[in-house]
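To start, the structure itself, in structure tokens.
Protein chains: 2
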Amino acid sequence: MLDNISKDARGNVYAAMCPCRDLLDVLANKWSTLVIGALESGPQRFGQLKVRLQGVSPKVLSQTLKRLEGRNLLTRTVYAEVPARVEYELTALGHGASRPLKDLRDWVETNVTRAEPRP
Amino acid sequence: MLDNISKDARGNVYAAMCPCRDLLDVLANKWSTLVIGALESGPQRFGQLKVRLQGVSPKVLSQTLKRLEGRNLLTRTVYAEVPARVEYELTALGHGASRPLKDLRDWVETNVTRAEPRP
DNA sequence: CAGTATCCAAAAGGATACTG
DNA sequence: CAGTATCCTTTTGGATACTG
Chain A
101 MLDNISKDAR
111 GNVYAAMCPC
121 RDLLDVLANK
131 WSTLVIGALE
141 SGPQRFGQLK
151 VRLQGVSPKV
161 LSQTLKRLEG
171 RNLLTRTVYA
181 EVPARVEYEL
191 TALGHGASRP
201 LKDLRDWVET
211 NVTRAEPRP
Chain B
101 MLDNISKDAR
111 GNVYAAMCPC
121 RDLLDVLANK
131 WSTLVIGALE
141 SGPQRFGQLK
151 VRLQGVSPKV
161 LSQTLKRLEG
171 RNLLTRTVYA
181 EVPARVEYEL
191 TALGHGASRP
201 LKDLRDWVET
211 NVTRAEPRP
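Protein chains in written order, with my numbering: chain A, 101 to 219; chain B, 101 to 219.
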């Protein structure tokens, strides 16, 4: 029988100590949201991503990719060519995460005029 | 007739200069995601939110609420009681934004064990 | 109760320049 | 091409302490 600690191993993002807080932090930020969206339609190279994510620096893009790779959300593949070609691709897990993120991007693009800042 | 600049006024989150980049930044972060989720079921007071969002400091909670209020995503209402009662409530716009965010929270809670960090 | 004010440490991010 | 290294500025966030 299943032990009573892990049960179905579902997390609670409202619990400070739950590991899913960290996962939420990895996904719920601007650059991760944009990277995952850019990879939805298929593998992309570093340079392609840098162009699509207008304004991102190579340092930040690299950091973001590493964090997502470390969570099994995407894979990094090096092809033995000259010069080397490197492709990033969403894993099955990454594709799952991409759905709510796509909905969020779509909502933002549609409703931006209704959420104008009034400081 | 409509002017040809605003058209349907849909934004593009991949464009660096698009105002929706800022809106994405407001929504796509850990604390906003949790605040909006906590308000989904109805109005909440500051203290209640502070308890639900385990580990958040009053400063950060206050900042997050102000940013969301400034985007018309929630309202702040002060009731003339002693001591004063203050309630935060999602606007219609905020409820719209809360859907993809809820899906994201749910996905995170369900898949946290499959996205364990491998540094 | 509902915040604000302070102080500080840590992380994020931008700009380049440089390398295998 | 695909990053890494460096430098520096800005933001974020935690911890308290304090106030109307």
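Heads up, the beta-carbon is just placed ideally off N, CA and C, and yes, glycines get one too.
For residue i, which residues from the same chain have a beta carbon less than 8 Å from its beta carbon, with the 5 sequence-adjacent residues on both sides left out?
{"i": "glycine 137/B", "result": "Ser198, Leu201, Lys202 and Arg205"}
{"i": "valine 186/A", "result": "Arg145, Phe146, Arg176, Thr177, Val178 and Tyr179"}
{"i": "asparagine 112/B", "result": "Cys118 and Cys120"}
{"i": "lysine 150/B", "result": "Val156, Pro158 and Leu161"}
{"i": "serine 106/B", "result": "Low confidence applies here, because serine 106/B scores a pLDDT of 49, under 50, leaving its location unreliable; read the following figure in that light. Nothing meets the Cβ criterion."}
Could you pull out every residue in the same chain whose Cβ sits closer than 7 Å to the Cβ of residue i, ignoring the five residues on either side in sequence?
{"i": "glutamine 154/B", "result": "none"}
{"i": "leucine 134/A", "result": "Leu153"}
{"i": "leucine 193/A", "result": "Asn172 and Leu173"}
{"i": "alanine 184/B", "result": "Val178"}
Let's see if you can read the secondary structure: which residues bound the alpha helix (DSSP H) around residue i?
{"i": "arginine 121/A", "result": "120 to 127"}
{"i": "glutamate 169/B", "result": "158 to 170"}
{"i": "leucine 204/B", "result": "192 to 211"}
{"i": "leucine 149/B", "result": "146 to 152"}
Looking at chain B, is there any beta carbon in it that lies within less than 8 Å of the beta carbon of residue i?
{"i": "proline 183/A", "result": "no"}
{"i": "glutamine 154/A", "result": "yes"}
{"i": "glutamate 209/A", "result": "yes"}
{"i": "glycine 196/A", "result": "yes"}
{"i": "valine 212/A", "result": "yes"}
CB residue i to CB residue j, shorter than 8 Å?
{"i": "asparagine 172/B", "j": "arginine 121/A", "result": "no"}
{"i": "threonine 177/B", "j": "glutamate 169/B", "result": "no"}
{"i": "leucine 127/A", "j": "valine 126/B", "result": "no"}
{"i": "threonine 164/A", "j": "serine 132/A", "result": "yes"}
{"i": "leucine 124/B", "j": "lysine 130/A", "result": "yes"}
What span of residues does the beta strand (DSSP E) with residue i cover, start to end?
{"i": "leucine 134/A", "result": "First-last for leucine 134/A: 130 to 139, but that is the alpha helix (DSSP H), not the beta strand (DSSP E)."}
{"i": "arginine 176/B", "result": "174 to 179"}
Using a Cβ cut-off of 8 Å (strictly closer), state whether residue i contacts chain A.
{"i": "proline 217/B", "result": "yes"}
{"i": "proline 200/B", "result": "yes"}
{"i": "glycine 111/B", "result": "yes"}
{"i": "arginine 145/B", "result": "no"}
{"i": "methionine 101/B", "result": "For methionine 101/B, the pLDDT reaches just 49, beneath the cut-off of 50, and the residue's location in the model is therefore unreliable, although a value from the coordinates is still provided. Answer no: the Cβ-Cβ gap between methionine 101/B and chain A never drops below 8 Å."}
{"i": "leucine 149/B", "result": "no"}
{"i": "leucine 204/B", "result": "yes"}
{"i": "leucine 139/B", "result": "no"}
In chain order, what residues of the same chain lie with their CB nearer than 6 Å to the CB of residue i, ignoring the 5 residues before and after it?
{"i": "proline 43/B", "result": "Outside the shown range of chain B, which is 101 to 219, sits residue 43/B, and nothing can be said about it."}
{"i": "tyrosine 114/A", "result": "none"}
{"i": "threonine 210/A", "result": "none"}
message: Against chain B, which members of the stretch 113 to 130 of chain A pass a CB distance test of less than 9 Å?
response: Val113, Tyr114, Ala115, Ala116, Met117, Cys118, Pro119, Cys120, Arg121, Asp122, Leu123, Leu124, Asp125, Val126, Leu127, Ala128, Asn129 and Lys130
- prompt: Listed from N- to C-terminal order along the chain, which residues in the stretch 161 to 192 of chain A have their beta-carbon within a distance smaller than 8 Å of any beta-carbon of chain B?
  reply: Gly170, Arg171, Asn172 and Leu173
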